[in-house]
Amino acid sequence: MGWTAYTLAFRLHSPLHIGLAKTGNLKQCREYVPGRILWAALTARLTRDFLRKGADSQAYLDTGEKVRACFRFCYLYPAVPKTHNNEITSAVDLCGPAYRWKHANFDYQFVGSYASTALDYSGQTAEDGSLHETEHLLPYSRPVQGSATQPVFLRGTVYVDDQAETDPVLKNWKAAMKDLQLGAERKYGWGRVSLVALPASGEKKEEAKISLTKDGVLTAHAVAVSKNGLGAVANIRGPVEPLVGWEYAADPAGKSKWKLTREPLLCYAPGAKIDLGDQDIMELNIDPYGLLYT
């Protein structure tokens, strides 16, 4: 038994918003897809399409726990095709993932925005103070340095425990991955992706771990302060942020509620620099949401 690494390549079909922060009337988006987003999307697809229990909240919780136990999702980053005809048959047909800290034109090439407002139907006008702008990753890149507009893909890695192949629900994970919806604004059709490649790397591990090289850069959040059994990662230099999000839980009164994370985990943000000193490589564990820890 062990973990198998698969290379993921998704085609982005509509704008994608992964919330970062709100500044004034601008909702900023992240330039990557955290593992937690993939976990939620796969859980929803398995529950609705293969369990046929889309209205059963407990089924989502049970499936989510199974996915958490058998999958380790690394972060997804934008990528464009290598060829001018934009034909993609495998992940090798894509350029390497685009990172904001390495690509000076990242925001121009991959990030757009959409302005909208709420309506005041009594006066048939826009509601006062409701105008806002939402950043998103573009489904088609803008041309850079004479290049043509290209379709945008999301590229990353997932580690799958062998036990998933024998579970009556999880064994359908490859089929469930074919069409997912990620991020916010999904009721408007945002975040639609389709799987174009899922090759196994041939890499087999007893544990889901990642190796960081000397003088490299983090491509996922790494734990900065130990908590809940996740050990802090040393030798990292860069910004730290609390990971806060909406979490679903049923209260004792039987009412289901969404609540913000009460005790957020402090993590180094993607883009932070790795300073290993005399070490050449550091191995870190990957948690179910893609966080790196010792």
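According to this note's numbering, the stretch in the sequence shown is residues 1457 to 1750, in order. C-beta atoms are modelled at their ideal positions from N, C-alpha and C, and glycine is treated no differently.
Open item on the list: Quick check on the burial criterion: 16 or more other C-beta atoms within 10 angstroms. Buried or exposed for Ser-1606?
Closed with: Here residue 1606 turns out to be Gln, not Ser, going by the sequence shown. Label assigned to Gln-1606: buried.
TODO: For the alpha helix (DSSP H) holding Ala-1496, just list the boundary residues, first then last.
DONE: 1491 to 1501
Open item on the list: Quick check on Leu-1636 - is its C-beta less than 8 angstroms from some C-beta in chain C?
Closed with: No chain C is part of this structure, which consists of one protein chain only.
Open item on the list: Distance check for Asn-1561 and Arg-1528, CA to CA, integer angstroms please.
Closed with: 31 angstroms
Open item on the list: Give me, in chain order, the residues of the same chain whose beta-carbon lies closer than 8 angstroms to that of Asn-1691; leave out the 5 immediate sequence neighbours on both sides.
Closed with: Ile-1730, Asp-1731, Leu-1732, Gly-1733, Gln-1735 and Met-1738
Task: Within 8 angstroms, strictly: CB atoms of Leu-1747 and Leu-1686 - done: yes
Task: Gly-1568, DSSP secondary structure in three states - done: strand
Open item on the list: Within 8 angstroms, do at least three Cβ pairs link the segment 1486 to 1496 to the segment 1617 to 1631?
Closed with: no
Open item on the list: Distance check for Ala-1725 and Glu-1589, CA to CA, integer angstroms please.
Closed with: 24 angstroms
Task: Close Cβ partners of Gly-1480 (< 6 angstroms) along its chain, the five nearest in sequence each way excluded - done: none
Task: C-alpha gap between Tyr-1462 and Pro-1720, whole angstroms - done: 30 angstroms
- [ ] Specify the secondary structure class of Gly-1612 as computed by DSSP and reduced to three states.
- [x] strand
Task: Contact belief for Gly-1694 with Ala-1728 at Cβ below 8 angstroms, rounded distance in angstroms - done: 2 angstroms
Open item on the list: Let me confirm a value: Val-1679 is counted as buried when at least 16 other C-beta atoms fall within 10 Å, else exposed. Which label applies?
Closed with: buried
Task: Terminal residues of the alpha helix (DSSP H) in which Cys-1723 lies - done: First-last for Cys-1723: 1721 to 1724, but that is the beta strand (DSSP E), not the alpha helix (DSSP H).
Task: Where Thr-1463 sits in the DSSP three-state scheme - done: strand
- [ ] Classify Trp-1646 as helix, strand or coil using the three-state DSSP reduction.
- [x] coil
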